[in-house]
Every structure is written in C-alpha cells, then in structure tokens.
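Asker: Here it is: the structure, laid out below.
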Amino acid sequence: IETPPRTPPKHKQHTGSQSATTHHHPFSYAHLSVVESRVSIFIPALAIRSDIDSDKNDHRIANSEGRKRKIRTMAKSTAIQTSGGMKGFFQKAGKSFLAGGLWAKETSWWLMQKGGTVGLFLASTSMVILMPLVFEINREVQMLDSERLQVKELRNQGHSDRQLQELGFQSSALHSPSVASLGGMK
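Letter by letter, the sequence shown follows residues 1 to 186 in the UniProt record's numbering.
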C-alpha cells in the first residue's frame with residue numbers, strides 16, 4: 001500500500017510594516033505529523049479504495065473474485081492494533097472505565113428525569129388530594145375535642161348520657177372508645 005509523498009510546505013513572507021513571519025496552511029502536510037497516528041489509519045483504506053476504483057475503470061480485473069480479495073484486504077488493513085503487556089492492559093482498562101463512566105452518566109441522567117417526573121406527579125397529587133384531607137382530619141379532631149368538653153360540662157350540671165344523646169352529641173364524644181371495641185372493628 002503506497003501513501004502519497006509528502007510535499008514540503010510553502011512559505012509566505014510578508015514584508016513592509018509587518019515583521020517577516022512564516023505562515024502554513026492549516027491543512028498542509030506539515031501539520032500531518034501532529035495527527036499522523038489518527039490519519040495513518042485512514043490512508044491505507046483510501047489507497048485501497050482508489051485501487052478498486054481504478055480497477056473498475058481499467059477493466060483489468062474481469063471477475064468479481066479480485067474485487068472481493070481487495071475488499072478483504074481493505075478490511076484487514078484498517079484494523080487498529082493494540083499493544084500488549086502492561087501498556088495494553090492499562091489502555092484497555094482506561095477505555096473500559098471511560099465507556100462505563102459514559103454509560104453511568106447517561107443512565108443516571110435518564111433515572112433523574114424519570115425520578116423527577118414521578119416526584120412531580122406525587123407532589124402534585126398530594127397537594128391536591130392529601131393536604132385538604134389532613135386539614136379536614138385536624139378540623140374533625142378539634143370539633144370532637146370541643147364536643148367532649150361540652151359533654152363534660154353538661155355532665156357536671158347533672159345531665160344523663162341519654163339526655164346528651166337526645167341533644168345531638170356524637171356517641172364518640174359521649175363515650176371514649178374502648179380498647180376491646182377498637183380491636184373488634186374490621
């Protein structure tokens with residue numbers, strides 16, 4: 001597999017009020033050495049692909065078997081080689097931790113969104129339904145306490161339970177519920 005030869009970068013010099021500087025085009029071959037490790041993976045694949053296209057144009061390969069061989073060669077040459085030993089182990093471990101961290105981040109974000117939705121649903125439901133119920137229960141307890149206080153005063157004046165019941169007081173205000181009767185309710 002042949003790679004295209006590198007051409008030296010063209011230098012432009014500015015004269016006049018500006019100092020003499022050298023400028024490189026940002027995509028020239030001079031900058032290829034910085035990203036050579038990343039680009040070198042793709043150059044063989046491009047070279048083989050151009051060979052396949054030229055073979056189609058030349059009609060030198062008549063059967064499809066030759067093209068399959070070229071495609072198989074391209075697939076083998078683009079495989080990334082990993083180093084072995086401790087360096088390879090730590091590279092694989094780093095990639096694994098990175099992938100696990102990204103998965104955990106995405107999963108926690110999804111869980112946070114779902115948990116927020118459920119939390120908002122529960123909070124709004126309790127605000128609309130449960131809070132008025134709590135206030136109603138408190139009001140009922142206060143009313144029952146005031147009736148018990150009135151019943152106590154009327155008993156001190158000499159009224160019987162039957163008379164208090166005829167006056168319209170609740171039976172729960174007249175008689176404290178016994179422990180046995182509470183256990184029998186089902």
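Every residue, glycine too, gets a C-beta built ideally from N, C-alpha and C.
Considering Cα atoms alone, identify which of K87, F90, V141 and Q157 is closest to S172.
Answerer: Here residue 172 corresponds to residue number 172 of the sequence shown, with the count starting at 1. Selected option, being the one with the closest Cα: V141.
Asker: Please list the terminal residues of the continuous alpha helix (DSSP H) segment that includes V118.
Answerer: Looking up residue 118 in the sequence shown gives position 118. Per DSSP, V118 belongs to the alpha helix (DSSP H) from G85 to T125.
Asker: Rounding to the nearest angstrom, what Cα-Cα distance links V134 and V128 in this structure?
Answerer: Mapped onto the sequence shown, residue 134 falls at position 134. Mapped onto the sequence shown, residue 128 falls at position 128. Going by the C-alpha atoms only, they are around 11 Å apart.
Asker: According to DSSP, simplified to helix, strand and coil, what is S176?
Answerer: Along the sequence shown, one-based indexing puts residue 176 at 176. Here S176 sits in coil by DSSP.
Asker: Hey, Q165 and L174: beta-carbon distance below 8 Å or not?
Answerer: As a first step, residue 165 must be located in the sequence shown, where it is residue number 165. As a first step, residue 174 must be located in the sequence shown, where it is residue number 174. Yes, the pair counts as a contact, with Cβ atoms nearer than the cut-off.
Asker: DSSP three-state label for L133, please.
Answerer: Working through the sequence shown from its first residue, we reach residue 133 at position 133. Residue state, collapsed to three classes: helix.
Asker: For the alpha helix (DSSP H) containing Q157, name the first residue and the last one.
Answerer: As a first step, residue 157 is located in the sequence shown; it is residue number 157 there, counting from the start. Here Q157 belongs to no alpha helix (DSSP H), and DSSP marks it neither H nor E.
Asker: Once DSSP output is grouped into helix, strand and coil, what is the label at Q170?
Answerer: Taking the sequence shown and counting its residues from 1, one reaches residue 170 at position 170. The answer is coil: DSSP assigns Q170 none of H, G, I, E or B.
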